[in-house]
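The following block contains the structure:
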């Protein structure tokens, strides 16, 4: 895992039905992620967003 990913474990993904999900933002806490998604939902009411905690293993441990 890269150092930057350790600093920003909360990941925001936009779900696009025919394509793969797109990771477009990372946050250091859940509150910031939820605050960021609120205006996005107002601007794009039909868009679907997912916030999750990234616990992926470092490359040498996979």
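Residue numbers (this note's numbering): 1 to 62. For glycine and all other residues, C-beta sits at the position ideal for the given N, C-alpha and C.
Expressed to the nearest angstrom, what Euclidean distance is found between the alpha-carbon atoms of residue i and residue j?
| i | j | result |
| --- | --- | --- |
| residue 54 | residue 24 | 14 Å |
| residue 43 | residue 16 | 16 Å |
| residue 49 | residue 8 | 17 Å |
| residue 97 | residue 45 | Only positions 1 to 62 of the chain appear in the structure, and residue 97 is not among them; the question remains open. |
| residue 11 | residue 34 | 11 Å |
| residue 26 | residue 39 | 16 Å |
Assign residue i to one of three DSSP states: helix, strand, or coil.
| i | result |
| --- | --- |
| residue 25 | strand |
| residue 15 | strand |
When the cut-off is 9 Å and only beta carbons count, does residue i lie next to chain C?
| i | result |
| --- | --- |
| residue 52 | Going by chain labels, chain C is absent from the structure shown, which holds only one protein chain. |
For residue i, which option in the options has the closest C-alpha, if you only look at C-alpha atoms?
| i | options | result |
| --- | --- | --- |
| residue 21 | 13, 28, 27 | 13 |
| residue 51 | 30, 18, 39 | 30 |
Note down, in chain order, each residue of its chain lying with its Cβ closer than 8 Å to the Cβ of residue i, except the 5 sequence neighbours on either side.
| i | result |
| --- | --- |
| residue 28 | 7, 8, 9, 10 |
Tell me which residues share the same chain as residue i and place their Cβ nearer than 6 Å to its Cβ, disregarding the 5 neighbours each side in the sequence.
| i | result |
| --- | --- |
| residue 37 | 49 |
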